[in-house]
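In my numbering, the protein residues as written are 77 to 278.
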């Protein structure tokens, strides 16, 4: 998880937008300044020139990675705080009587979850990666990271183009913040600092 978050942070710094076409480095840099992702508070931020001269496929992959990792990080932050607050599923996690309530928070949970449970988690993550969290060509997806694949919509098609752009920009910003936030939660846990006010922990 630590390595995934760090990798996603690196990808986020670079994945501001897909390239329109092959062009000199200076022209490419200029073309990104008004793309989704080059926005407040940092605007176009590429101090190391990572996106100054890459092809369409590379940009698409960076944007795809950023969106996916941002979504996972947003869920991760919520999960971290919910478990830290003491909320657990009812019942047992295995047939031997280990309760969900007995599983600690954060990194310590990896050592407490039964091996069969970890295997199930890995299998579920693999299923999501292979069958769900991807763009399928020819299904009407509008942009990189759409993931609807002609199956689910949540009313997206009801929005006008300007609203769609605004919502995509919000998601990217929230995802970037969540990736940094999740890394911060991990660091705080290892430092032994409480992640929540004492009044919020049950």
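All residues carry an ideal CB built from backbone N, CA and C; glycine is no exception.
All values reported here derive from a predicted model rather than from experimental measurement.
Residue 245 holds the alpha-carbon nearest to the alpha-carbon of residue 116 among 270, 245, 272 and 198.
Within its own chain, the residues whose Cβ lies closer than 8 angstroms to the Cβ of residue 265, once the five positions on either side in sequence are excluded, are 181, 182, 183 and 271, listed in chain order. A contact is defined here as three or more CB-CB pairs under 8 angstroms, and the region 134-153 meets this definition with respect to the region 234-252. Within the same chain, Cβ atoms closer than 8 angstroms to the Cβ of residue 156 are found at 181, 182, 258, 261 and 271, the five residues on either side in sequence being excluded. Per DSSP, residue 189 lies in no alpha helix (DSSP H) segment and is marked neither H nor E.
Rounded to the nearest angstrom, the gap between the Cα atoms of residue 236 and residue 191 is 48 angstroms. In the three-state DSSP reduction, residue 168 falls in the strand class (E or B).
In the displayed model, residue 210 falls within coil according to three-state DSSP, outside both helix and strand. Under the three-state reduction of DSSP, residue 119 is assigned to strand. Less than 8 angstroms divides the Cβ of residue 120 from the Cβ of residue 109. Taking 8 angstroms as the cut-off, the beta carbon of residue 177 is found closer than this to the beta carbon of residue 164. Straight-line measurement puts the Cα of residue 273 at about 31 angstroms from the Cα of residue 243. Per DSSP, residue 139 is one residue of the alpha helix (DSSP H) stretching across 132-160. Within the DSSP secondary-structure output, residue 175 pairs in a beta bridge with 168. Residue 113 and residue 158 have their C-alpha atoms spaced approximately 29 angstroms apart. Of the other Cβ atoms in all chains shown, 16 or more fall within 10 Å of the Cβ of residue 138; this residue is therefore buried.
Rounded to whole angstroms, residue 193 and residue 241 show a C-alpha spacing of 40 angstroms.
A direct Cα-to-Cα measurement between residue 170 and residue 197 gives close to 13 angstroms.
Beyond the five residues adjoining it in sequence on each side, residue 160 comes within less than 6 angstroms, by CB distance, of 181, 271 and 272 in the same chain, given in chain order. DSSP places residue 247 within a helical segment (H, G or I) once states are collapsed to three.
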